[in-house]
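Following: one structure in structure tokens, then a few remarks.
Residue numbers (the numbering used here), protein chains in the order written: chain D, 1 to 530; chain P, 1 to 321.
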């Protein structure tokens with residue numbers, strides 16, 4: 001009897017030790033940390049050459065490496081550069097650096113680091129930016145740098161000022177193959193956080209506050225990223241403090257005390273069209289497609305109402321340069337049928353179009369699409385198929401894995417494909433990338449449409465126009481022509497939301513125009529600094 | 001064990017191994033698309049044609065089956081395109097978690113399935129046995145995704161007893177015991193999901209073969225000799241009913257590496273399944289070929305071991321010409 005009592009007591013003590021050792025100790029409890037999750041987790045190592053070329057990869061790098069300027073809710077703000085100016089006559093941007101800026105290894109950040117970075121990226125391109133327009137740069141003293149342009153380049157502030165991470169010359173100066181440079185020094189930057197660990201299989205990242213950060217000590221000591229495909233549960237259980245959420249979760253999370261934030265409309269779902277072959281090379285057929293698609297029905301059925309119909313001019317309706325009077329195609333099946341008939345098609349006895357004995361039949365490709373780092377299943381294909389069939393177009397709906405669909409779209413082995421991309425509330429350079437093959441040949445989201453010479457000229461002109469008002473006028477015109485030609489059809493902007501735990505004392509926000517080139521993610525480093 | 005019995009199966013296994021080495025090289029290259037397109041085509045970075053060609057050339061340098069084959073002998077499995085990290089390091093990082101989850105689930109479900117199956121067959125015809133078979137048949141039909149989501153909702157969301165995702169609390173400062181407890185807590189739900197998925201099959205298989213064995217004369221003889229019922233069940237009958245279970249275990253090893261993908265995805269649990277899934281999505285060919293090769297070689301190895309184990313469990317197997 002005695003022995004069993006002793007045994008039971010030992011068991012209890014052991015269990016208690018197990019349970020209580022689960023609680024962080026005294027030291028650990030004083031550490032303030034933020035945990036952020038997404039469903040993929042792994043986005044590469046956080047340095048310019050090793051992060052994945054996706055928004056979440058750039059964000060993870062941005063904690064470690066600072067840029068000359070940055071963005072917040074309102075627009076551009078100082079970062080490494082306290083002030084900047086543009087001299088139109090000399091085509092030169094002058095940046096005055098913050099003299100307090102230092103590298104994570106304690107060395108001073110100087111103007112020559114910026115000059116070095118530009119030269120280094122010329123030799124070893126950082127593909128997020130284009131420095132083809134930069135003719136040279138010079139350091140005027142330790143904290144002033146002047147960057148000269150070969151020709152005007154309107155996205156300069158977005159591309160180079162706000163996206164280009166500055167590299168330490170004393171480290172990268174001797175690195176010949178940056179892609180395989182795997183030394184801990186490869187993660188020495190000037191950003192608010194020190195990179196400590198990346199676990200590739202778990203998809204977790206650990207950052208620690210850089211206490212000597214020139215904009216002040218970050219608000220939390222540790223920043224942790226982890227993988228979790230269930231934001232509702234992870235947020236509710238306190239496992240994470242910030243995550244992207246589906247709009248349907250908003251009310252439930254709000255009831256649990258979470259703060260819900262909604263992004264501007266910076267991401268659009270669109271219908272890609274193979275405009276290189278008949279009948280898709282006919283403007284009237286493309287317009288017929290636009291009339292045949294009932295975007296409100298798609299939003300109601302596949303998005304459960306959490307979306308807004310998109311502008312046919314591609315740029316977001318929240319963009320400062322959005323043109324509200326671009327051609328529009330409200331749902332009108334009768335008009336769609338008329339336009340198709342104008343191409344010589346006749347309606348058969350079953351209501352389907354026929355020409356030369358052949359039915360009008362198209363293949364519609366769908367797949368999962370990555371939105372702000374989350375893989376989202378497509379539900380629009382089925383609705384669009386029904387809508388097109390209602391006007392007499394036969395549709396084969398083919399659902400494939402994303403890389404396979406992308407590969408077919410890239411090789412022009414498709415008729416129609418459902419796709420989507422962000423960046424449409426950022427710099428209007430996105431128009432060039434998503435329209436012209438010269439800029440967007442590598443993107444499956446780009447229409448790669450070069451048939452309209454006027455459009456080509458306008459796209460080129462907006463890249464060279466440094467005056468914002470004049471650029472706006474050109475961008476207005478681009479939207480008009482694009483919406484008239486419809487080389488691809490923007491469908492809607494899905495509601496993009498995130499939820500965070502206000503108990504941690506951090507206010508998260510979505511960035512105006514998206515972080516960097518338009519990344520629609522709410523993890524702006526300014527939330528942890530100011 | 002006779003020497004000839006040890007050597008006899010080896011040539012066939014070596015040949016199968018060589019075929020698998022070639023298949024692991026060739027199959028990933030038949031996938032449509034490539035790494036550069038998968039990484040960049042939908043990204044905010046739009047490549048020019050020159051840039052695209054340059055990156056493709058960078059990643060495909062040093063390709064070729066002969067090089068791949070020779071490198072295997074020096075344990076050089078190549079570098080992952082996405083991580084620029086040795087494949088062996090990535091696999092070794094993920095493998096322990098796969099073994100913990102899948103190995104644990106297999107062992108638990110096999111032991112449970114075997115014991116409960118033997119007991120059910122012994123009590124054949126009774127109310128408990130009949131309702132047990134009914135329940136297990138229903139449970140066998142429920143996919144892991146269904147069980148996983150239900151367990152997640154009940155035990156993670158509503159009751160909050162277990163964490164919803166991950167293998168441990170990332171970067172928590174626990175004592176070693178605390179960490180073990182944390183890992184156990186994270187393991188509970190995915191492990192339960194897999195055990196619930198595998199246990200019914202093991203139960204039904206054991207029960208079925210045990211029912212057949214119990215009709216054999218040697219069982220009657222054992223009973224007539226007055227041996228204790230437990231000895232009759234396990235030492236005489238169950239040993240002969242064990243062979244199909246061992247075969248099943250061998251076949252299941254194939255799933256041990258990559259078969260937990262659904263569960264790994266539901267619970268964001270690290271493992272080779274997730275690693276392979278991500279590698280396929282990104283067309284990270286060296287990583288795909290590495291995981292395919294190691295999983296197929298493991299299946300081969302386990303099956304080779306089972307060849308010998310059969311002979312040990314049932315010596316009659318050794319006498320088959």
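Beta carbons: idealized from backbone N, C-alpha and C, even for Gly.
In this structure, the straight-line span from the alpha carbon of residue 508 (chain D) to that of residue 64 (chain D) is close to 18 angstroms.
Within the segment 28-40 of chain P, 32, 33, 37, 38, 39 and 40 place their CB atoms closer than 7 angstroms to a CB of chain D, listed in sequence order. Here the segment 302-313 of chain D does not lie against the segment 354-371 of chain D, with fewer than 3 beta-carbon pairs under 8 angstroms apart. D:426 is the residue among D:399, D:381, D:389 and D:426 whose C-alpha sits nearest the C-alpha of residue 322 (chain D).
In the three-state reduction of the DSSP assignment, residue 523 (chain D) falls in the strand class, which pools E and B. For residue 283 (chain P), the neighbours in chain D by C-beta distance under 7 angstroms run, in chain order, 403. Restricting attention to alpha helix (DSSP H) runs no shorter than 4 residues, the segment 397-443 of chain D encloses them at 402-410, 429-435 and 437-440, ordered along the chain.
Interface residue (Cβ-Cβ distance to chain D less than 8 angstroms): residue 170 (chain P) is classified as such.
Residue 205 (chain D) counts as buried, since at least 16 other C-beta atoms from the protein chains shown sit within 10 angstroms of its C-beta. Going by DSSP, residue 220 (chain P) is part of the alpha helix (DSSP H) stretching over 217-224.
Counting along the chain, residue 59 (chain P) sits inside no beta strand (DSSP E); it lies in the alpha helix (DSSP H) bounded by residues 49-60.
Here the C-alpha atom of residue 269 (chain D) lies approximately 19 angstroms from the C-alpha atom of residue 429 (chain D).
In the DSSP assignment, residue 269 (chain P) falls outside any beta strand (DSSP E), carrying neither H nor E. Interface annotation for the segment 201-220 of chain P against chain D: empty, criterion Cβ-Cβ distance under 9 angstroms. DSSP places residue 247 (chain P) within a helical segment (H, G or I) once states are collapsed to three. Proximity of residue 60 (chain P) to chain D, defined by a Cβ-Cβ separation below 8 angstroms, is not satisfied. Per DSSP, reduced to three states, the secondary structure at residue 369 (chain D) is strand.
At a beta-carbon threshold of 9 angstroms, none of the residues of chain P lie near residue 399 (chain D); the nearest stands roughly 15 angstroms away.
Under the 10 Å beta carbon count, residue 402 (chain D) is surrounded by 16 or more other beta carbons and is classified as buried. When the Cα atoms are used, residue 154 (chain P) and residue 266 (chain P) turn out to be separated by approximately 14 angstroms.
Fully enclosed alpha helix (DSSP H) runs of no fewer than 4 residues occupy 283-292 and 295-302 of the segment 258-339 of chain D, in order along the chain. A distance below 8 angstroms between beta-carbons, with the five flanking residues on each side excluded, links residue 13 (chain P) to the following residues of its chain, in chain order: 300, 303 and 304.
Under the Cβ criterion (8 angstroms, minimum of three pairs), the segment 181-190 of chain D does not count as touching the segment 132-139 of chain D. Taking a Cβ-Cβ cut-off of 7 angstroms, the neighbours of residue 443 (chain D) in chain P comprise 41 and 46, given in sequence order. Taken through DSSP and simplified to helix, strand or coil, residue 227 (chain P) comes out as coil. Checking the DSSP bridge columns, you'll see residue 84 (chain D) partnered with D:95.
Take residue 296 (chain P), set aside five residues on each side of it, and the residues of its chain with a beta-carbon closer than 7 angstroms to its own are 20 and 24, in chain order. Just measuring C-alpha positions, the residue of D:408, D:43 and D:215 sitting nearest residue 70 (chain D) is D:215. For residue 163 (chain P), the chain D residues whose Cβ falls inside 8 angstroms of its Cβ are 237 and 239, in order along the chain. In its chain, beyond the 5 residues on either side, 46, 64, 187 and 207 have a beta carbon closer than 7 angstroms to the beta carbon of residue 195 (chain D). Legend: CB atoms of the segment 89-101 of chain P lying less than 8 angstroms from CB atoms of chain D belong to residues 90, 93, 94 and 97. By the CB criterion at 8 angstroms, residue 399 (chain D) and residue 367 (chain D) fall inside the cutoff. Chain-order list of chain P residues neighbouring residue 179 (chain D): 58 and 84, by C-beta distance under 9 angstroms. In this structure the segment 336-347 of chain D touches the segment 274-287 of chain D; the number of beta carbon pairs closer than 8 angstroms is three or more. Excluding its 5 nearest sequence neighbours in each direction, residue 171 (chain D) has C-beta neighbours in its own chain below 7 angstroms: 185 and 188, listed in chain order. The beta-carbon of residue 233 (chain D) is placed less than 8 angstroms from the nearest beta-carbon of chain P.
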